[in-house]
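Student: The opening position of the sequence shown corresponds to residue 1 in this note's numbering, with each subsequent residue numbered one higher.
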Amino acid sequence: MKNKAGVIKELRKAIEFYSELGFEYLPLKREDIPGLISKKTSITGRGTAYANQNRAGDEDNYVPDKKDALKNLRKDIGDCHRCKLSENRKNIVFGEGNPDTELMFIGEGPGRDEDIQARPFVGDAGKLLAKMILKMGFRREEVYIANIVKCRPPYNRDPEQDEITTCRPYVEKQVEIIDPRVIISLGRIAAQSLLRSKIPISKLRGSFHDFQNIPVMPTFHPAYLLRNPKGKWLTWDDMQKVLEKLKGG
């Protein structure tokens, strides 16, 4: 049995770990802490080597020009005026990251900061997402991040169906080019759009679904988590399931 000093030391490490992730409290009930103890090792032992390793047998399937294919897709989009979102946007937010990644994140649409910088997830929600990616064992630049729509909806409203439909071929093509092993969809709009579903995100999350023969894990949007911190535990549980899937589980 561990002595008191050892228990205190381990508890302090656990508190520091979850504090860095953005959790402001620890639930009192064990069932409210999905994977807190038993799964911690699976997320801290991965590191960047896992994201970059060459999987045996993949050489014949490797596509060397993914970066060029994404550049060509961006050229095809051009200075897009295919829907009304183009009327007020400053920049098209195409997406960014490692085209050879195994893990892709798809959000809803750009916000104010993203519209200004032409990069996805750079505001407060983006900072939280970056922390979560890091705790999964990756750096932000090792994954790929995109959105369902490429232009900011005015006043940060939800994208409308015609706007989603207009952008959908480009999202589908991005996924086809990158061909990740797993997609994490962030928020209700992203999940329902990808899966062509009207099921609430609260019921979609926690289980894998299929998009273009790729497993999709829907989870809460980081902006929602900033307003509802209790949802972080469920989101972290979703991401641990993704890690298990990437390990071959």
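Backbone N, C-alpha and C fix where the C-beta goes; we use that ideal spot for every residue, glycine too.
1. Taking the alpha carbon of Phe-220 as the point to measure from, which residue in Phe-211, Asp-237, Ile-214 and Asn-213 has its own alpha carbon closest?
2. Pull up the DSSP beta-bridge partners for Glu-96, would you.
3. Indicate the three-state DSSP secondary structure (helix, strand or coil) for Met-132 in the structure shown.
4. Leaving aside the five residues before and after Arg-140 along the sequence, list all residues of the same chain whose C-beta is less than 7 Å from its C-beta, in chain order.
5. Per DSSP, Met-239 is paired with what?
6. Per DSSP, Phe-105 is paired with what?
7. Please check the pair Pro-218 and Arg-205, which I expect to be a contact at CB under 8 Å, by giving their CB distance rounded to whole angstroms.
8. Determine the closest residue to Lys-90 out of Pro-154, Ala-191, Pro-169 and Leu-186, with distance taken between C-alpha atoms.
9. Quick one: what does DSSP say Val-122 is sitting in, helix, strand or coil?
10. On the DSSP bridge assignment, give the partners of Phe-211 in chain order.
11. Taking only the alpha-carbon atoms, compute the straight-line gap between Val-149 and Leu-73 and give it to the nearest angstrom.
12. Measuring alpha carbon to alpha carbon, tell me which residue in Phe-138, Pro-99, Val-93 and Met-104 is nearest Pro-120.
13. How many Å lie between Gly-95 and Cys-83 at the Cα?
Tutor: In short:
1. By 1-based counting over the sequence shown, the position of residue 220 is 220. The option with the nearest alpha carbon to Phe-220 is Asp-237.
2. Start at 1 with the first residue of the sequence shown, and residue 96 comes out as number 96. For Glu-96, which the question treats as bridged, DSSP gives the partners Ile-145.
3. Counting from 1 along the sequence shown, the entry for residue 132 is found at position 132. Helix at Met-132.
4. Taking the sequence shown and counting its residues from 1, one reaches residue 140 at position 140. Answer for Arg-140: Ala-130 and Ile-133, listed in chain order.
5. Within the sequence shown, the letter at position 239 stands for residue 239. Its beta-bridge partners do not exist; DSSP assigns none.
6. Here the question's residue 105 lines up with position 105 in the sequence shown. DSSP output for Phe-105 lists Ile-145 and Ile-184 as bridge partner(s).
7. One-based indexing of the sequence shown puts residue 218 at position 218. One-based indexing of the sequence shown puts residue 205 at position 205. Confirmed, about 5 Å.
8. The sequence position of residue 90 within the sequence shown is 90, counting from 1. It is Pro-154.
9. Locating residue 122 in the sequence shown gives position 122, where the first residue counts as 1. Coil.
10. In the sequence shown, the residue the question calls residue 211 occupies position 211. According to DSSP, which records beta bridges pairwise, Phe-211 is partnered with Ile-214.
11. In the sequence shown, residue 149 corresponds to position 149, counting from 1. In the sequence shown, residue 73 corresponds to position 73, counting from 1. Taking the straight line joining both Cα atoms gives about 15 Å.
12. Here residue 120 refers to the residue found at position 120 of the sequence shown. Here the closest residue by C-alpha is Val-93.
13. Within the sequence shown, residue 95 is the residue found at index 95, counting from 1. Within the sequence shown, residue 83 is the residue found at index 83, counting from 1. C-alpha separation (whole angstroms): 19 Å.
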